[in-house]
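Okay, so the sequence shown: first residue is 94 according to our numbering, each after it adds one.
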Amino acid sequence: MHAIIETGGKQYRVQEKEVLMVEKLEAEEGTTITLDRVLAILNDGAVRTGSPVEGATVTAKVLAHGKGKKISVFKYKSKSNYRRRQGHRQPFTRLMIESIQG
């Protein structure tokens, strides 16, 4: 059984026992959260869609919080002595999908 969920403005295709990284969520490590923004459920060839699907939820366990790889942002304008350098590390939450109901 697969489900398509939306969290943090992005969509993810998930299945049970899968580990994925999503945009940072406000939840403690080790707690169980319910994702109720389920856009589709795929079960043995049958597809249920909605925005969101009524009565469908995905339960996930928060494994860890962290920061992604560092990226460099460099702004430059020629002939005007303008240079700016900045780094960024995007925070994330690692989830393990426990169950899909729907």
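All C-beta atoms, glycine included, are put in the ideal place defined by N, C-alpha and C. What you are looking at is a predicted structure, and each value in this text was computed from that prediction instead of being measured.
By a beta-carbon distance limit of 8 Å, R130 contacts T100. Their separation comes to about 7 Å. Spanning the alpha carbons of H95 and I134 requires a straight line of approximately 6 Å. Straight through space, the alpha carbons of Q183 and R177 are spaced by roughly 19 Å. Per DSSP, reduced to three states, the secondary structure at S192 is strand. With 16 or more other Cβ atoms inside 10 Å of its own Cβ, T186 counts as buried.
DSSP lists T186 as the beta-bridge partner residues of V115. In the DSSP assignment, K160 falls within the unbroken beta strand (DSSP E) covering T150 to K160.
Three or more beta-carbon pairs separated by less than 8 Å link the segment 140-154 to the segment 108-125, which places the two stretches in contact.
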